[in-house]
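So for the sequence shown, numbering that gives the first Met the number 0 puts the first residue at 0; every next one is plus one. Even for Gly, the Cβ is constructed at its ideal location relative to N, Cα and C. As the structure is a computational prediction, the values presented were derived from the model and not from experiment.
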Amino acid sequence: MPSITIDDFICNYPPEIQTILQKIRARIQKSALGAEEAMSYGIPTFKLNGKNLVHFSAFKEHIGFYPTPSGI
Numbered sequence: 000m001p002s003i004t005i006d007d008f009i010c011n012y013p014p015e016i017q018t019i020l021q022k023i024r025a026r027i028q029k030s031a032l033g034a035e036e037a038m039s040y041g042i043p044t045f046k047l048n049g050k051n052l053v054h055f056s057a058f059k060e061h062i063g064f065y066p067t068p069s070g071i
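(1) Which one of 61, 11, 44 has the shortest CA to CA distance from residue 67?
(2) By how many angstroms is the C-alpha of residue 3 removed from the C-alpha of residue 61?
(3) By a C-beta neighbour count over all protein chains shown, 10 Å radius and 16 as the cutoff for buried, is residue 52 buried or exposed?
(4) Strictly by DSSP, which residues pair up with residue 47?
(5) Count the other CB atoms, across all protein chains shown, that sit within 10 Å of the CB of residue 57; report buried if there are 16 or more and exposed otherwise.
(6) Classify residue 70 as helix, strand or coil using the three-state DSSP reduction.
Encoded structure:
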C-alpha cells in the first residue's frame with residue numbers, strides 16, 4: 000500500500016479547512032528552515048535533525064497543532 004503524503008492528507012478535507020492546513024504548513028516551512036515533511040502517527044509532521052519537531056491535523060471541531068519537546 001502506498002504511503003499517504005501531506006498533500007493527500009490535506010486534500011481529504013473541505014476547501015476551507017485545506018486553506019487553513021496549507022497556511023499552517025507554509026508557516027512551519029518558513030519558520031523551521033531545513034525541516035523535512037513526513038507523516039507520523041497518521042498526521043502531517045515536520046522533522047528536524049531526524050526528530051519530530053511539530054505535528055498538525057484537523058478534526059471535526061478543531062485544528063490541532065502539536066509541538067514536540069524538541070520544537071519548544
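Let me spell this out:
(1) Nearest of 61, 11, 44 to residue 67, Cα basis: 44.
(2) Approximately 22 Å, taken between the alpha carbons.
(3) In the assembly as shown, residue 52 is a buried residue. Its beta-carbon has 16 or more other beta-carbons within 10 Å.
(4) Under DSSP, residue 47 forms a beta bridge with 50.
(5) Within a 10 Å sphere around the beta-carbon of residue 57 sit 16 or more other beta-carbons, which makes this residue buried.
(6) Looking at residue 70 - three-state DSSP - the assignment turns out to be helix.
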